[in-house]
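Engineer:
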Amino acid sequence: MKAHQKMLVDILFGTVAGLVAHAVAGDSAWLTSVVTNFTQPVGRIFIRLLLMLVVPLLFAALVMGVCELDLKQIGRLGLKTVVYTVVFSSLAVLLGLLLVNTLQPGAGFSEEARAAAKNNPAAMKAAPAPSSTSPAALIVNMVPDNPIRTAADGDMIGLILFSLIFGTGLALTQTPAALRLRETIQGLYDVMMRLIDGVLKLAPYGVAALLFSVMAQLGVEVLQQILSYVAVVLLALGLHMFGVYSLSVRFLGGRSPVSFFRDIRLAMATAFSTASSSATLPTALKVAEENLRLPRHVSRFVLTAGAAMNQNGTALFEGVTVLFLAQVYGVPLSLGDQAVIMFICVLAGIGTAGVPAGSLPVVLMILGMFKIPTEGIGLILGVDRFLDMCRTTLNVTGDLAAALYVARGEPDDDAPLEGAAEPSAS
612 MKAHQKMLVD ILFGTVAGLV AHAVAGDSAW LTSVVTNFTQ PVGRIFIRLL
662 LMLVVPLLFA ALVMGVCELD LKQIGRLGLK TVVYTVVFSS LAVLLGLLLV
712 NTLQPGAGFS EEARAAAKNN PAAMKAAPAP SSTSPAALIV NMVPDNPIRT
762 AADGDMIGLI LFSLIFGTGL ALTQTPAALR LRETIQGLYD VMMRLIDGVL
812 KLAPYGVAAL LFSVMAQLGV EVLQQILSYV AVVLLALGLH MFGVYSLSVR
862 FLGGRSPVSF FRDIRLAMAT AFSTASSSAT LPTALKVAEE NLRLPRHVSR
912 FVLTAGAAMN QNGTALFEGV TVLFLAQVYG VPLSLGDQAV IMFICVLAGI
962 GTAGVPAGSL PVVLMILGMF KIPTEGIGLI LGVDRFLDMC RTTLNVTGDL
1012 AAALYVARGE PDDDAPLEGA AEPSAS
């Protein structure tokens, strides 16, 4: 059985087993003991293992992503890539916010469901809320005065900015010591990816335990409410992938959307299986060069940057989750507040680590900023792994659509140089 198939089986098993246990045992002492002493600890350990790796992996991934870019090409290719990323990330978040405001998936949550979330926290504190959420204050707070404290406080935006600045400085410094430092950070990235692979082997059991815990405590009621949240996320992801990106491929890339999705199906399947844009990068490069036949220098530039910076699905998910939890707890958010959330999600989507659970610290940070109870994250932990697989598929699709757009009008790597002499006929 493949990894994603095993994941889906265990999601169903945890859900059904929890519902059966709730129906049979209700609030019995033995079921409470099983949840408290076994399934909740298993689920918490899995989440804590993932969150433990996010900060060092995010730092290493962003630094190496910047270092591996060809700085000579950034002027020509970088502007198109950055503009495309910002525009389509904004569209993704806006689409998600519109659907949440329209469909109201978080409305009607019972006090019992809210209380149960406190028993299943993400075990990671949110960043301290800034004194002001005005645009000027947010821009100032993006710049960390102490990157180590920033990482410890869970301020992912500050850590992202520091990582990008550090990576730029490292790329521009060509001394022997700087090159050795680059090798060291590459080693850190390799170790973190190996650890992520190990943790993901526990994912089916961790997710099944999380779902069992929630369903055994609350039964069908909370399942219906969580499924409404899942449905909104999947609807938003689907509309963006097959609607927005189809239009992009047709009008900006000059290709047929049907042939595009057919050509990239291997990369989409890999993204869904691994829930990691970084782990899918080798497959995406292969698909871009062999199936889409994009110039090698374009595909390597755009896809390498995109694996760390073009996270449309992640940005969309973060926006939907924050508004959903605000609805659950009855926290009113004005249009101005939602505009600020959109801005943060777009920025975080550009810098969130392309690894499983990389968006959870950012969601916690935003919840803390707007005084939304952070323990609410416990309501979505059981389904986050599945949604992570889905949003990673959108992320990788967006990377390839961006590469298609940037490649349009670029010379092919194998094309003869202008003015080169034609070979003489013999």
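Heads up, the sequence shown is in this note's numbering, so the first residue is 612 and it goes up one at a time.
Ideal Cβ placement from N, Cα and C applies to all residues, glycine included.
In three-state terms, what does DSSP make of G865?
Structural biologist: coil
Engineer: Can you tell me which of the three DSSP states G1020 falls into?
Structural biologist: coil
Engineer: Ordered along the chain, which non-local residues of its own chain (more than five positions away) have a Cβ less than 8 Å from that of S867?
Structural biologist: V860, R861
Engineer: Kindly confirm or deny that the stretch 839–846 and the stretch 635–644 touch, where touching means at least three C-beta pairs closer than 8 Å.
Structural biologist: no
Engineer: Just the Cα atoms here: how many angstroms apart are D756 and A671?
Structural biologist: 20 Å
Engineer: Would you mind sorting G993 into buried or exposed? The rule is 16 or more other CB atoms within 10 Å of its CB.
Structural biologist: buried
Engineer: Assuming L813 and F657 make a contact with CB atoms under 8 Å, what is their CB distance in whole Å?
Structural biologist: 6 Å
Engineer: Check each candidate in L688, T626, V665, I622 and name the one with the smallest Cα separation from R911.
Structural biologist: L688
Engineer: Could you check what DSSP says for E679 in three-state terms: helix, strand or coil?
Structural biologist: coil
Engineer: Might you give, ordered along the chain, the residues of its own chain that have their beta carbon closer than 6 Å to the beta carbon of T761, omitting 5 neighbours on each side?
Structural biologist: P755, G769, L770
Engineer: Would you check if the distance between the CB atom of V855 and the CB atom of L714 is smaller than 7 Å?
Structural biologist: no
Engineer: On the three-state DSSP scale, how would you describe A1014?
Structural biologist: helix
Engineer: Could you check if A734 is buried or exposed, using at least 16 other CB atoms within 10 Å of its CB as the buried criterion?
Structural biologist: Reliability fails at A734, whose pLDDT of 45 lies under 50, so the model's placement of it is uncertain and the value that follows must be treated cautiously. Exposed, since its Cβ has fewer than 16 Cβ neighbours within 10 Å.
Engineer: Can you give me the start and stop residues for the alpha helix (DSSP H) that E901 sits inside?
Structural biologist: 888–901
Engineer: Does DSSP put I991 in a helix, in a strand, or in coil?
Structural biologist: coil
Engineer: Which residue comes first and which comes last in the alpha helix (DSSP H) that contains N923?
Structural biologist: Per DSSP, N923 is one residue of the alpha helix (DSSP H) stretching across 923–939.
Engineer: Let me make sure I understand the geometry here. Which of V957, V973, G941 has the alpha-carbon closest to that of G719?
Structural biologist: G941
Engineer: Which value, in whole angstroms, describes the spacing of the CA atoms of V627 and G1009?
Structural biologist: 34 Å
Engineer: Where do the ends of the alpha helix (DSSP H) carrying P787 lie?
Structural biologist: 787–811
Engineer: Taking 7 Å as the threshold (beta carbon to beta carbon), is P787 in contact with chain C?
Structural biologist: No chain C is part of this structure, which consists of one protein chain only.
Engineer: Report yes if the CB atom of F777 is closer than 7 Å to the CB atom of V704, and no otherwise.
Structural biologist: No, the pair does not count as a contact, with Cβ atoms beyond the cut-off.
Engineer: Just the Cα atoms here: how many angstroms apart are G629 and G717?
Structural biologist: 22 Å
Engineer: Can the beta-carbon of N1006 be found closer than 7 Å to that of Q922?
Structural biologist: yes
Engineer: For P815 versus D621, is the C-beta spacing smaller than 7 Å?
Structural biologist: P815 places its beta carbon less than 7 Å from that of D621.
Engineer: Any idea what DSSP makes of T696, helix, strand or coil?
Structural biologist: helix
Engineer: State whether the stretch 976–994 contacts the stretch 818–826, with contact taken as three or more CB pairs (one from each stretch) at a distance under 8 Å.
Structural biologist: Yes: the two stretches touch, three or more of their Cβ pairs being nearer than 8 Å.
Engineer: Using DSSP with H/G/I as helix, E/B as strand and the rest coil, what is D756?
Structural biologist: coil
Engineer: Less than 7 Å separating the beta-carbons of M753 and L772?
Structural biologist: yes
Engineer: Once you ignore the five residues that flank T881 on each side, which residues in its own chain have a CB closer than 7 Å to its CB?
Structural biologist: T891, T894
Engineer: What's the gap between the Cα of F561 and the Cα of M663?
Structural biologist: No information on residue 561 is available, as it lies outside the stretch 612 to 1037 that the chain covers here.
Engineer: Evaluate F997 with the Cβ neighbour count: other Cβ atoms within 10 Å of its Cβ, from every protein chain shown; 16 or more gives buried, anything less gives exposed.
Structural biologist: buried
Engineer: Should G780 be labelled buried (16 or more other beta-carbon atoms within 10 Å of its own) or exposed?
Structural biologist: Exposed is the call here.
Engineer: Output the boundary residues of the alpha helix (DSSP H) element that contains R876.
Structural biologist: 876–885
Engineer: Whole angstroms is fine: what's the gap from G1020's alpha carbon to A1012's?
Structural biologist: A straight line joining the alpha-carbon of G1020 with that of A1012 spans about 15 Å.
Engineer: Taking the C-alpha atoms as reference points, what is the distance between G864 and F872?
Structural biologist: Their backbone Cα atoms lie some 13 Å apart in a straight line.
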